[in-house]
Amino acid sequence: MTPHINAKKEDIAKTVIMPGDPLRAKYIAETFLDPGFKQVNSVRNMFMFTGTYKGRPITIAGSGMGCPSIGIYSYELFKFYDVDRIIRIGSAGSYKKDLNLYEVVLASEAFGDSTAFRQLVLNKDEQIAHPSSKLNEEIISIANKLGHNLTIGRVHSSDVFYSSVPLDKRIASTDSLCVEMESYALFTNAEVTGKEAACLLTISDNLITHEETTAEERQTAFTKMMGIALELAK
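Numbering follows the UniProt record's numbering, with no gaps: position 177 of the sequence shown is 177.
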């Protein structure tokens with residue numbers, strides 16, 4: 001147990017799928033896991049579920065929003081629960097006119113708003129954090145087998161949802177496909193613990209065209225991304 005997770009060590013699988021929304025974690029468990037899965041964490045209503053997918057063990061765990069929140073949960077899972085790999089699945093806002101709603105992005109790197117998280121965790125003054133190349137290759141292979149297209153590239157991992165910086169300046173300065181708020185911390189924690197991490201994102205809104213999905217759709221409709229991640233269970 002940790003201050004934020006009350007699961008027993010043996011109740012967490014070696015592979016964890018991590019949506020930001022704990023209700024999305026609940027939906028994934030109830031919809032896709034084999035019968036017999038169980039809830040293993042409820043502290044702060046950050047629901048976590050462990051079971052099997054096609055007979056292979058997997059944990060689905062909410063992370064909350066932002067680098068500080070996923071930073072806590074991913075570190076505790078890597079460090080104290082011996083998790084080998086965490087795959088973040090989340091929503092993102094598109095920075096490209098032709099990167100449309102429901103398209104799936106695989107992060108090749110995360111661009112942080114500052115270097116603070118990596119400085120504090122790794123003592124590295126770097127604005128870029130990288131996922132596991134091996135895990136990304138596995139995700140690409142699974143997506144190809146399932147017939148799902150992936151857009152691969154840099155994502156902007158922002159610390160601020162309501163920014164005063166004009167959108168065009170954010171797009172130009174980050175040179176990213178889309179914006180989310182967690183992958184920079186996740187990749188950094190994987191690096192400091194010697195583990196693996198990846199980030200799959202579904203476009204929930206387009207900041208150029210102003211198209212957007214509903215809150216309900218963000219919770220339940222991103223099935224391509226979920227299906228790819230679940231195949232990583234082993």
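Beta carbons are placed, not taken as given, at the ideal position from N, Cα and C, and that holds for glycine.
- Asparagine 136 and glutamine 127 have their alpha carbons spaced roughly 20 Å apart.
- As computed with DSSP, histidine 156 is found in a beta bridge with Phe111 and Val179.
- Less than 9 Å divides the Cβ of leucine 177 from the Cβ of serine 94.
- For lysine 224, the uninterrupted alpha helix (DSSP H) segment begins and ends at 223 to 230.
- Valine 179 and valine 165 have their C-alpha atoms spaced approximately 14 Å apart.
- When only Cα atoms are considered, valine 192 and valine 121 end up about 7 Å apart.
- With a beta-carbon spacing of about 5 Å, isoleucine 60 and alanine 25 fall inside the 8 Å limit used to define contacts.
- In the assembly as shown, glycine 194 is an exposed residue. Its beta-carbon has fewer than 16 other beta-carbons within 10 Å.
- Around the C-beta of lysine 96, 16 or more other C-beta atoms lie within 10 Å, and the residue is accordingly described as buried.
- Ranked by how close their Cα comes to the Cα of phenylalanine 111, the residues Glu103, Ala129 and Asn100 have Ala129 in first place.
- Leucine 167 is classed as exposed because its beta carbon has fewer than 16 other beta carbons within 10 Å across all chains shown.
- The alpha-carbon separation between serine 158 and arginine 88 amounts to approximately 15 Å.
- Under DSSP, proline 57 forms a beta bridge with Thr52.
- Considering only Ala233, Glu217, Lys234 and Glu231, the residue with the shortest C-alpha distance to tyrosine 102 is Glu217.
- Leaving aside the five residues that flank glycine 153 on each side, the residues in its chain whose CB is nearer than 6 Å to its CB run, in chain order, Ser108 and Leu177.
- In the DSSP assignment, aspartate 168 falls within the unbroken alpha helix (DSSP H) covering 167 to 174.
- The distance from the Cβ of valine 104 to that of methionine 225 is about 5 Å, consistent with a contact at the 8 Å cut-off.
- Excluding five sequence positions before and after isoleucine 140, the CB atoms of its chain that fall closer than 8 Å to its own CB belong to Leu106, Leu150 and Ile152, given in chain order.
- Counted as a single uninterrupted DSSP element, the stretch harbouring alanine 143 is not any beta strand (DSSP E) but the alpha helix (DSSP H) occupying residues 133 to 146.
- Under the DSSP assignment, glutamate 196 falls outside any alpha helix (DSSP H), being part of the beta strand (DSSP E) whose first and last residues are 196 to 206.
- The straight-line gap separating the alpha-carbon atoms of tyrosine 53 and alanine 233 is approximately 7 Å.
- In this structure, arginine 85 places its C-beta atom within 9 Å of the C-beta atom of glutamate 196.
- For glycine 64, the three-state secondary structure derived from DSSP is coil.
- With contact defined as three or more Cβ pairs closer than 8 Å, the region 74 to 81 and the region 2 to 13 are in contact.
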